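Some notes on the structure that comes next.
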Amino acid sequence: MSELFGTLSDGTPVHRWTLERAGVRVRVLSYGGIVQSVEVPDRDGRTADVVLGFPGLDGYREHPEPYLGALVGRYANRIAGGRFPLDGRTYALEPNSGPNTLHGGERGFDKRVWDVEPVEHGLRLSRVSPDGEEGFPGRLEVTATYTLDASGALRIAYEAVTDAPTVVNLTNHTYWNLSGSGPASGELRLAASRYTPVDADLIPTGELAEVSGSRFDFRTARKVGSGYDHNFVLDKGVTESAEEVAELYDPASGRVVTVATTEPGLQLYTADHLTAPFSPGDGIALETQHFPDSPNHPDFPSTELRPGGVFRSETVYGFSVR
């Protein structure tokens, strides 16, 4: 089911689609592929929206930097200096975070209107990113398919092909608040024995550091706290099918969200810099991804995509109570 959500200044309509199955209701926008809301019950059967979102299109247009619920690309997270080498050539991107490029540049996938078509129990979003968009090489054809499975889990499957060598790293930037309001709280478990330390600009140093004995150790579930904007190196690495890597549990409501993915990394962001109408710490982002700045770190899992190849990635968010 779809409805008109708003209109951009150039007259382009933005639609909102509603998916509902197994007691879960998800709303997705054609603008930015945004997951606007996810409604799930608590242990007593009371339903609440457990992600951060704006009620109207103007909110997303006026407050783009949190990337609330957005489909992020071409390259999720940061690329140092807005530059990367590929096949002996250095590509210059549009910097939008100091000297660095963040989440695809000034007008990444989160600020584009996607074509949307219904599929069984879901939606297929698609667009063509032209050669040179935000400085990235190659004409990239992208699809992102959002579906609800029989249990009500939200599955996001990405595919992309290119006509020239390029780099691709896609994610969803939903902020979770399992209590449904106020500061986000919860206990987090992450299947990650290492993480990528960063410099003052949040660029990876190249080290893969052990989490043991540090505040980055979530191998046993514990309260999240604040001060995180870091990539965790998932123990499973890159996999063909999605494997569970994270669980966030809110003891007050009993709500649980699990994260399964094919990706090798997960960015934990505790939203310490959110601004009005939200407050710092109102959400927790669990962004499945390849590592930040991978094109500048040959030892990191590769994000290169070449003609004839297909980029595939899948992440599944499961919902339950305890």
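Each residue of the sequence shown is one higher than the one before, starting from 161 at the first, in our numbering. Cβ coordinates follow ideal geometry from the N, Cα and C atoms, glycine included. Quick caveat, the model's predicted, so the values are computed rather than measured.
- When secondary structure is reduced to three states using DSSP, Leu217 falls in the helix class.
- Asn391 sits in a strand when the DSSP states are folded into three classes.
- As a beta-bridge residue in DSSP terms, Asn332 pairs with Leu231.
- When rounded, the separation of the alpha-carbon atoms in Glu301 and Val327 is 13 Å.
- Between Thr305 and the set Arg472, Gly241, Ala252 and Gly478, the nearest pair of CA atoms involves Arg472.
- For Lys271, the three-state secondary structure derived from DSSP is helix.
- As for any beta strand (DSSP E) of minimum length 3 sitting wholly inside the segment 238-267, the runs are 243-246 and 249-252, ordered along the chain.
- Under a 10 Å Cβ-count criterion, Val188 is classified as buried, with 16 or more other Cβ atoms of the shown protein chains found around its own Cβ.
- Counting C-beta pairs closer than 8 Å gives three or more between the segment 286-297 and the segment 243-260, which meets the contact rule.
- Rounded to the nearest whole angstrom, the C-alpha separation of Gly414 and Asp247 is 50 Å.
- Contact fails between the segment 387-394 and the segment 198-206, because fewer than three Cβ pairs, one in each stretch, are under 8 Å apart.
- In this model, Tyr191 and Thr475 are separated by some 20 Å (Cα to Cα).
- Take the alpha-carbon of Asp359 and the one of Phe376: they are about 16 Å apart.
- Within its own chain, the residues whose Cβ lies closer than 6 Å to the Cβ of Ser311, once the five positions on either side in sequence are excluded, are Ala182, listed in chain order.
- When the beta-carbon positions are compared, Ile194 and Ala236 stay at least 8 Å from each other.
- Closest by C-alpha distance to Glu464, out of Thr422, Leu446, Thr322 and Ala344, is Thr322.
- Contact check for Glu370 against Pro357 fails: the beta carbons are separated by 8 Å or more.
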